[in-house]
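For reference, the structure discussed in these notes is given below.
So, in structure tokens, the structure goes:
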């Protein structure tokens, strides 16, 4: 610039005084060309920029200098001088920016040389999307046009003559040492220096006369009432929807903010950039300003920045996906019909966590590349699996929503990891750009995720529920993708067997792409807690899914644990994978019931997330602490297991707080396997036993609470005698006092009969160890009916009102492909009440509270009769029923037959009880083991005695009770939809003492706070008002009962 000045000063004399002005214009063009090379100014024609001057003559040399600079650069800026009458109804799509510069000595605060018609016109201009650049005393206009409340108007004002000052004045782009805006587009190419200020500043004027005309904000002023949470700048920006870009050069706190952009709002669609800093002086009172080039450059940058901002004019195209069934451009993938449930805004998509996702075909051609915002709503039940074998220390991500295409190097994506890490990924200038939050994305919360790209400000910002969580600098435009927006899954395939590991589990609501930079005010927050219902359509045609046996609303369950009665409800916790019907990344699920037959699934109680349980929160139990249930569970990382405690936050046991490790791993001298703690009290002491192995044989360690700390010295509570009988490891131990005896159960692995649950009775010694009455265990299920993982396993036991109740998992033993198609795996047994006989045998019968809780439909009740052949129990039929019959056993086999080919046979000749489904059309789950014939043997002779037989059948599970003493459970999967009959039979003459039978009408497990579901339009399937599918087509309606139905979104009446 010094060279340019020398040229000007040496050329002037050649033309004489009369030609000086013409010469200045000629040289200005030359200077502009040099500036284009030196500063990188664009000379391309753009939308117009206006310079507004009052109707009166400009009154100050600074105002004149600014106008002259503008006129000299009009060609590059496509600039035009405007008078007040020119801005009435001015079109902001043609004139993108209006610069107003008022810089006068002695001008009183609030007294600007414009009438209210002009101020009103400026207000309408900004509301319509126009941008203002207000400099010096014109900064007051921002409150006069109503863009901010008057209480937030500038409160530092200087209008004096000034004086000579040797210092260098400028602008500090770091606000309060917290907000660094030095990469903002307005500062690009400016010279910098420190000038004894201790930090870098942008110098504006050097040694000489300074008028010191200021119009700024002191955020420390009490009248603003700004809070320190997190700081005053943030509070001001939030309340005024602004971005504070600069302060007076020497200020490092919040005292002199003078360069602020007031961002677009719902009412004011344009931006207002205010520069009221005194150092911004166009004409330093005829003094040579060493930093005049910075004045020019800052002005050019500011005007260009505003000109290039993309405001929302009618010709621009936003993209909106409501995900409520009204979008016709979404292709749905997955096993189950598309599901819509209550969401943040109306309804949203409910994914199943392992198969379902959508692909929306959109037109991205109208998306802006310089100013664009991406917005989605989502609620997470659990994080995606991603890796089935181990917890990920280095996260990998799946897509919540986006069209990111790494091959084409285009698009965007909101992404989530298996540990809850989340980020926004997009392509900027063809380069992958990642912006990651430092915080986890919370579950059971409505999450509003927003990413804004502001090319002019050189910013990519990530927001969560209206709060900025990350920011980075960008130097190029956004590169839009091809418009195939993946919803709930990334473009890539990631599978274990048939299951997708990278499917989102939860609800995804509105997806929006805006052709502007969203502001804080436009980022909504929802404070209500989302629920995660499973729409009735998912299992409407499922003939295998139980309706009165406990199980989660969908996907995988394993062992029950922590069965208890608290605060008026039964609670059962269980091993849960909410992401699919397979075992991985286990959580503690939670069911509640008033009667153990009507079930409601509550929110997940304990989820992986700490260093000690990253791989899973495995089984455990409850223990009472000051009268309240506390959870103890097995926390597993990739190396070892520990015992963890969690305490309830509320009386409903809905939310839990982890207290941390209480037993830090397996004691020395034992195998690495160490899991499934169980709590009991004896002899005035508190104990925990944990499943383990010693010298290759199943065992339990014993831990005693001493002065608030649990011992971990390797003491053995009890150990089996050999692997054939007791297995190599004991899972799910329980210890229960029953009268003057103690019941100990465990589920050993690798016994001679495979996996099955065993029990011993005995005594607890003074030191807390167990002495069995006999070293030989008994089988929980009727002898012979359970081995190799069939039947009831790993029971959870509780006591209420002096009675002992037991229930456990009954695995389905199906192929993974079957579970994939069904969308669920496993269920629990019908609750059993257990007692000890005089000889220490466990007696089992149906728990009467559960029986009373069954909703009875069609029933039959017959008194004594003679039976030789079959006797129908019509009207009892179908897939959910119970039968209670008492037979007088003689020589003939007798029992109950149902469906077509299924029998429960009692044979007095060998005291056997057999479930035989070999002849039934079924989905086989026992080839090579039972082959459809489950035979157990009663330990007593039954000939010439009365035999009481209770069975409970529920779609795919059968519970059998004999004489209120012996029990076993079997899984069977009938495939003949037409087979539904129930009858008694006898192979010879047998007396039936009595029989009662009933259809069961319970509705099955409901999800958390079940909400209404939506039937997709264009669907011919017929649904009742509860959302249950009644058929594939309405037809003439003759096959349907009289009533009201829904088809294709419309009501249909069958008369």
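Numbering (full-length UniProt numbering), first residue to last: 1 to 1055.
Backbone N, C-alpha and C define an ideal beta-carbon position, used for all residues, glycine too.
Where residue i sits in the DSSP three-state scheme
{"i": "residue 820", "result": "helix"}
{"i": "residue 682", "result": "strand"}
{"i": "residue 474", "result": "coil"}
{"i": "residue 217", "result": "strand"}
{"i": "residue 930", "result": "coil"}
{"i": "residue 242", "result": "strand"}
{"i": "residue 204", "result": "strand"}
{"i": "residue 756", "result": "coil"}
{"i": "residue 307", "result": "helix"}
{"i": "residue 233", "result": "helix"}
{"i": "residue 164", "result": "strand"}
{"i": "residue 137", "result": "helix"}
{"i": "residue 296", "result": "helix"}
Residue i: first and last residue of the uninterrupted alpha helix (DSSP H) it sits in
{"i": "residue 405", "result": "Neither: residue 405 is in no alpha helix (DSSP H) and is coded neither H nor E."}
{"i": "residue 858", "result": "That residue, residue 858, is in no alpha helix (DSSP H); its beta strand (DSSP E) goes 856 to 862."}
{"i": "residue 435", "result": "First-last for residue 435: 431 to 436, but that is the beta strand (DSSP E), not the alpha helix (DSSP H)."}
{"i": "residue 117", "result": "116 to 127"}
{"i": "residue 268", "result": "Here residue 268 belongs to no alpha helix (DSSP H), and DSSP marks it neither H nor E."}
{"i": "residue 71", "result": "61 to 72"}
{"i": "residue 853", "result": "848 to 853"}
Cβ shell of residue i (< 7 Å), same chain only, five flanking positions each side left out
{"i": "residue 865", "result": "992"}
{"i": "residue 344", "result": "377, 446, 509 and 526"}
{"i": "residue 268", "result": "126, 127 and 147"}
{"i": "residue 410", "result": "427, 479, 480, 481 and 482"}
{"i": "residue 1036", "result": "Caution is warranted here: a pLDDT of 44 is assigned to residue 1036, below 50, making its placement in the model unreliable, and the coordinate value is therefore given only provisionally. So no residue of the chain qualifies."}
Inter-residue CB distance, residue i and residue j (contact presumed, cutoff 8 Å)
{"i": "residue 587", "j": "residue 576", "result": "5 Å"}
{"i": "residue 171", "j": "residue 202", "result": "5 Å"}
{"i": "residue 415", "j": "residue 399", "result": "6 Å"}
{"i": "residue 674", "j": "residue 690", "result": "6 Å"}
{"i": "residue 518", "j": "residue 452", "result": "6 Å"}
{"i": "residue 466", "j": "residue 440", "result": "With 8 Å as the limit, residue 466 and residue 440 do not qualify as a contact, their Cβ atoms being about 18 Å apart."}
{"i": "residue 350", "j": "residue 553", "result": "In fact, because the Cβ distance is near 11 Å, the residues do not count as touching under 8 Å."}
{"i": "residue 900", "j": "residue 979", "result": "4 Å"}
{"i": "residue 561", "j": "residue 609", "result": "Residue 561 to residue 609, Cβ: 20 Å. No contact."}
Cα-Cα separation, residue i to residue j
{"i": "residue 70", "j": "residue 99", "result": "10 Å"}
{"i": "residue 184", "j": "residue 295", "result": "16 Å"}
{"i": "residue 896", "j": "residue 776", "result": "34 Å"}
{"i": "residue 855", "j": "residue 548", "result": "9 Å"}
{"i": "residue 42", "j": "residue 273", "result": "Note on residue 42: pLDDT 40, under 50, position unreliable in the model; no value is reported."}
{"i": "residue 156", "j": "residue 217", "result": "6 Å"}
{"i": "residue 374", "j": "residue 523", "result": "11 Å"}
{"i": "residue 385", "j": "residue 501", "result": "5 Å"}
{"i": "residue 249", "j": "residue 265", "result": "30 Å"}
{"i": "residue 999", "j": "residue 981", "result": "11 Å"}
{"i": "residue 436", "j": "residue 729", "result": "43 Å"}
{"i": "residue 860", "j": "residue 595", "result": "23 Å"}
{"i": "residue 695", "j": "residue 672", "result": "12 Å"}
{"i": "residue 871", "j": "residue 984", "result": "5 Å"}
{"i": "residue 450", "j": "residue 326", "result": "23 Å"}
{"i": "residue 429", "j": "residue 514", "result": "19 Å"}
Range covered by the beta strand (DSSP E) that runs through residue i
{"i": "residue 333", "result": "330 to 333"}
{"i": "residue 356", "result": "Run containing residue 356: none; DSSP gives neither H nor E here."}
{"i": "residue 636", "result": "628 to 636"}
{"i": "residue 415", "result": "412 to 417"}
{"i": "residue 998", "result": "981 to 1000"}
Same chain only: Cβ atoms within 8 Å of residue i, ignoring 5 sequence neighbours per side
{"i": "residue 191", "result": "202, 203, 291, 293 and 294"}
{"i": "residue 175", "result": "181, 233, 244, 245, 246, 247, 254 and 257"}
{"i": "residue 359", "result": "330, 331, 333, 484, 485, 486 and 487"}
Cβ shell of residue i (< 6 Å), same chain only, five flanking positions each side left out
{"i": "residue 835", "result": "843"}
{"i": "residue 658", "result": "646"}
{"i": "residue 379", "result": "446, 506, 507 and 530"}
{"i": "residue 840", "result": "761 and 773"}
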